[in-house]
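Read top to bottom, the protein sequences are chains A and B. For this note's numbering, add 1 to where a residue sits in the first sequence, where the first one is 1. For this note's numbering, add 37 to where a residue sits in the second sequence, where the first one is 1. Note that beta-carbon positions come from the ideal geometry of N, C-alpha and C, so glycine has one too.
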Amino acid sequence: MQDTSKHTLDINAIRADFPILQRKINGKPLVYFDNAATSQTPQQVIDAIVNYYTNDNANIHRGVHTLSQIATDAYEQAREKIRAHFNAQHAHEIIFTAGTTHGINLVASGYSQLLNDRDEVIVSAMEHHSNIVPWQMMCEKTGAQLKVIPMTEQGELDLDTFDSLLNDRTKLVFINHVSNALGTVNPIQEIIDKTHAVGAKILIDGAQAAPHIKADVQALDIDFYTVSAHKMCGPTGVGVLYGKEELLEALPPYQGGGEMIAEVNFDKTTYAGLPHKFEAGTPNISGGIAFGVALDYMNAIGFEEIADYEMELLIYATGQLKDIGDIRIYGTSVERKTAVVSFNVNGTHSYDIGTLLDKMGIAVRTGHHCAQPIMKFYKIPGTVRASFSFYNTKEEIDLFIDGVKKAKSMLL
Amino acid sequence: MSDIKEIQEEIVDEFSMFDDWMQRYEYMIELGKSLPMIDESYKTKDNLIKGCQSQVWVKADYKDGKIIFTSDSDAIITKGIIAILIRVFSNQTPEAIMKAETSFLDEIGLKDHLSPTRANGLVSMIKQLKMYAIAYSNR
């Protein structure tokens with residue numbers, strides 16, 4: 002086949018940075034299409050973690066000794082890199098977390114002390130469970146009413162209904178930038194503007210968007226934005242919450258402990274300023290530093306180049322899948338989503354397809370993708386989700402397509 | 038009717054004939070397709086086994102001192118696994134089911150080739166069959 006692609010990335014050189022891509026799974030070369038769950042890790046990021054424990058390991062922000070200062074500087078440099086990446090105004094608006102779920106719980110826990118039973122909050126029907134359950138817990142505590150923006154058959158949000166849900170009692174809206182199960186890129190600028198027009202605040206779950214789209218939190222006027230490092234070539238167990246300074250200042254602390262205090266007395270403890278107020282305990286220091294390195298790595302390649310190439314993969318895979326026949330693809334058209342294709346082979350269960358693909362060395366996600374409301378909407382138990390990254394290739398998509406054909410012939 | 042041990046040995050023999058895991062899966066899919074389906078009216082919450090990723094229903098009937106299991110799942114490979122278990126455990130006395138070991142599943146390598154969540158489902162399924170046996174042994 003003639004290569005008609007227009008991208009400028011040197012995919013072979015990029016692939017050489019990811020040692021895991023050389024692995025064999027069940028005797029077959031690994032084809033890793035579960036990037037929306039966890040992306041793979043380049044050697045540069047692995048080296049950063051090894052280097053930290055080999056040379057710089059010490060607790061941060063506390064010791065006067067040299068190692069502690071080196072570790073502190075490296076960690077704070079990472080925070081600054083993340084600030085610059087998302088174009089936050091201040092580095093102290095970047096709170097290190099254990100990941101997106103942690104960031105959402107942090108904000109929901111704070112608002113549990115700020116809302117009451119006259120308030121309303123709005124979620125969408127296409128959220129990951131981690132952007133539903135913490136808010137339900139918040140509503141149980143405060144009595145605030147939870148309203149839901151419905152979705153359409155095309156896997157997009159029904160924004161007319163959103164308009165009718167907004168009113169002067171609305172205090173918070175929480176919505177994903179990109180749907181994890183379908184890949185839909187939501188029109189967040191419009192949603193943010195409408196939210197602000199009634200005086201409410203918005204939290205955007207950026208976990209699925211951040212690997213593909215560089216969000217400018219100031220230009221978009223985002224109140225809270227949460228991401229996970231492990232979806233953007235970084236390590237697991239680390240992420241950040243961005244929050245506007247005045248909103249983070251007003252939010253009560255999430256966890257108590259060391260690092261988050263100004264002064265402790267048994268009659269009254271005062272809390273530290275941002276970001277430390279929300280960073281109780283010794284953090285994942287190597288993880289934070291490695292997250293910074295992962296952002297450097299992706300920015301060196303370029304987010305626009307990454308998005309263009311991934312779109313090429315998505316269009317190719319979608320066309321090949323449709324050609325197989327008896328395939329139902331869920332979600333919106335390729336132009337309106339990230340490199341995710343969520344589908345079923347008619348008459349089969351997603352687990353069966355996923356299990357057989359695994360035997361052929363192909364990793365995909367199957368099931369409800371922690372988004373049961375979407376599956377209930379489509380009246381299905383789950384889908385097969387193939388999610389692509391900039392280190393994947395069309396040759397891998399060919400192997401995946403052959404795998405789906407084989408699985409289909411075995412199962413039907 | 039063969040006893041549980043003999044049936045297990047038969048299954049181990051059958052699985053040893055295959056060269057690779059794709060062939061074993063092909064066989065399990067065939068078994069799954071041949072499994073007598075449970076009547077729709079018995080696909081109730083009570084008959085649903087907890088701990089399985091795909092939905093699995095099991096119904097037990099007691100006749101002439103033996104338990105007859107029927108079962109179904111929405112996933113075909115899961116049905117294949119169930120078919121193996123039903124072949125071993127159905128039409129046996131409660132006492133035999135209670136006492137039965139399941140090391141044959143390790144011998145055919147099934148547990149190693151299931152994802153952890155599916156392996157948990159398999160354990161839940163065996164537990165459920167044994168619970169039925171305990172319940173009927175008290176009659």
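Other residues of its chain near residue i: CB distance less than 7 Å, five sequence neighbours each side excluded
| i | result |
| --- | --- |
| PRO30 (chain A) | GLY362 |
| ILE316 (chain A) | VAL335 |
| ILE145 (chain B) | ILE48, VAL49 and PHE52 |
| ARG16 (chain A) | LEU22 and TYR392 |
| ALA295 (chain A) | VAL46, ALA230, MET233, CYS234 and GLY235 |
| GLY1 (chain A) | For chain A, the structure presents residues 2 to 413; residue 1 (chain A) sits outside this window and is missing. |
| ILE44 (chain B) | ARG124 and VAL125 |
| ARG63 (chain A) | SER69 |
Residues near residue i in its chain [Cβ-Cβ closer than 8 Å; skip 5 each side]
| i | result |
| --- | --- |
| GLU246 (chain A) | GLN90, HIS91, HIS93, GLU94 and LEU275 |
| HIS66 (chain A) | ALA59 |
| MET135 (chain B) | LYS167, ALA170, ILE171 and SER174 |
| GLN3 (chain A) | Here GLN3 (chain A) scores only 48 on pLDDT, less than 50, and its place in the model should not be relied on; the value that follows carries that caveat. Within the same chain, GLN3 (chain A) has no close Cβ partners at all. |
| MET138 (chain A) | ALA109 and SER113 |
Closest by C-alpha distance to residue i, when choosing among the options
| i | options | result |
| --- | --- | --- |
| LEU221 (chain A) | A:ALA230, A:THR356, A:ASP297 and A:TYR243 | A:TYR243 |
| TYR33 (chain A) | A:ILE12, A:ALA408 and A:THR394 | A:THR394 |
| ARG170 (chain A) | A:ASN187, A:ALA99, A:THR196 and A:ASP161 | A:THR196 |
| LEU413 (chain A) | B:ALA112, B:ILE145, B:GLU46 and B:TRP58 | B:ALA112 |
| SER53 (chain B) | B:LEU147, B:LYS80 and B:ILE119 | B:LEU147 |
| ILE203 (chain A) | A:ILE193, A:TYR310 and A:ALA49 | A:ILE193 |
| ALA387 (chain A) | A:LYS380, A:THR319 and A:ASN300 | A:THR319 |
| LYS278 (chain A) | A:ASN285, A:GLY289 and A:GLY259 | A:GLY259 |
| ILE381 (chain A) | A:PRO43, A:PHE344 and A:MET411 | A:PHE344 |
| VAL149 (chain A) | A:ALA251, A:PRO254, A:PRO374 and A:SER180 | A:PRO374 |
| LEU151 (chain B) | A:ASN168, A:ASP353, A:TYR76 and A:GLU280 | A:ASP353 |
| GLN92 (chain B) | B:ILE123, B:LYS167, B:MET162 and B:ILE171 | B:MET162 |
| LYS406 (chain A) | A:ASP327, A:SER390 and A:TYR379 | A:ASP327 |
| ALA210 (chain A) | A:GLU397, A:ALA38 and A:ARG24 | A:ALA38 |
| ASP83 (chain B) | B:ILE171, B:ASN175 and B:GLN165 | B:GLN165 |
| HIS129 (chain A) | A:VAL179, A:TYR76 and A:ILE290 | A:VAL179 |
| ILE205 (chain A) | A:ASP399, A:LYS82, A:ALA109 and A:ASP159 | A:ALA109 |
| ILE121 (chain B) | B:LYS100, B:TYR62 and B:ILE86 | B:TYR62 |
| PHE19 (chain A) | A:MET299, A:THR143 and A:ASN56 | A:MET299 |
| GLU305 (chain A) | A:ALA126, A:PHE267, A:THR339 and A:ARG24 | A:THR339 |
Limits of the unbroken beta strand (DSSP E) element including residue i
| i | result |
| --- | --- |
| THR81 (chain B) | Neither: THR81 (chain B) is in no beta strand (DSSP E) and is coded neither H nor E. |
| ILE206 (chain A) | Checking the sequence shown, residue 206 (chain A) turns out to be Asp, not Ile. Counting along the chain, the beta strand (DSSP E) containing ASP206 (chain A) begins and ends at 202 to 206. |
| GLU154 (chain A) | Note, GLU154 (chain A): premise wrong, no beta strand (DSSP E); not H, not E. |
| ASP118 (chain A) | Premise fails: ASP118 (chain A) is in no beta strand (DSSP E) and is neither H nor E. |
| PHE279 (chain A) | Per DSSP, PHE279 (chain A) belongs to no beta strand (DSSP E) and is neither H nor E. |
| TYR99 (chain B) | 93 to 100 |
| THR98 (chain A) | 95 to 98 |
| PHE175 (chain A) | 171 to 177 |
| VAL385 (chain A) | 384 to 388 |
Near the ligand MG: residue i beta-carbon under 8 Å from a heavy atom
| i | result |
| --- | --- |
| ALA201 (chain A) | The ligand MG is absent from the structure shown, which contains no ligand whatsoever. |
Spatial neighbours of residue i in its chain, beta-carbon cut-off 6 Å, leaving aside the 5 residues before and after
| i | result |
| --- | --- |
| ASP109 (chain B) | MET74, ILE75 and TRP94 |
| LEU252 (chain A) | GLY111 |
| LYS116 (chain B) | GLY69, LEU72 and SER110 |
| HIS103 (chain A) | none |
| PHE225 (chain A) | VAL108, LEU204 and GLY244 |
| MET411 (chain A) | none |
| GLN78 (chain A) | none |
| SER287 (chain A) | ILE50 and TYR53 |
| LEU400 (chain A) | VAL32 |
| LYS80 (chain B) | TRP94 |
| VAL341 (chain A) | ALA37, GLY184 and SER388 |
The alpha helix (DSSP H) enclosing residue i, as first and last residue numbers
| i | result |
| --- | --- |
| VAL294 (chain A) | 286 to 302 |
| ALA408 (chain A) | 395 to 412 |
| ALA198 (chain A) | 189 to 198 |
| PHE378 (chain A) | 373 to 379 |
| GLY111 (chain A) | 101 to 112 |
| THR107 (chain B) | THR107 (chain B) -> not in any alpha helix (DSSP H); beta strand (DSSP E) instead, spanning 103 to 110. |
| ARG63 (chain A) | No alpha helix (DSSP H) contains ARG63 (chain A), which DSSP labels as neither H nor E. |
Subject >> Contact set between the segment 109 to 125 of chain B and chain A, restricted to residues whose Cβ is under 9 Å from the partner >> reply: SER110, ASP111, ALA112, ILE113, ILE114 and THR115
**OP:** Closer than 8 Å, Cβ to Cβ, to anything on chain B: give me those residues from the segment 262 to 275 of chain A, in chain order.
**Re:** none
Subject >> the segment 50 to 79 of chain B: positions lying closer than 7 Å to chain A by Cβ >> reply: Residues of the segment 50 to 79 of chain B with a C-beta atom less than 7 Å from some C-beta of chain A are TRP58, MET59, TYR62, GLU63 and ILE66, listed in chain order.
Subject >> Residues within the segment 118 to 133 of chain A neighbouring chain B, beta-carbon criterion of under 7 Å >> reply: none
Subject >> Residues, ordered as in the chain, of the segment 354 to 369 of chain A that lie near chain B by beta-carbon distance below 7 Å >> reply: Cβ proximity to chain B below 7 Å picks out THR356, LEU357, LYS360 and GLY368 from the segment 354 to 369 of chain A.
Original post:
Residue ranges of each beta strand (DSSP E) run of no fewer than 3 residues wholly in the segment 209 to 261 of chain A, ordered along the chain?
Top reply: 225 to 229 and 240 to 244
Original post:
Residues in the segment 233 to 256 of chain A with C-beta within 8 Å of chain B's C-beta atoms, listed in sequence order?
Top reply: none
Subject >> Continuous alpha helix (DSSP H) assignments of at least 4 residues falling wholly in the segment 16 to 55 of chain A >> reply: 44 to 52
**OP:** Could you name each continuous beta strand (DSSP E) segment of 3 residues or more that falls completely within the segment 326 to 369 of chain A, going from the start of the chain to the end?
**Re:** 328 to 331, 341 to 346 and 366 to 368
**OP:** Using a Cβ-Cβ cut-off of less than 9 Å, give me the residues of the segment 375 to 402 of chain A that come near chain B, in sequence order.
**Re:** PRO382 and GLY383
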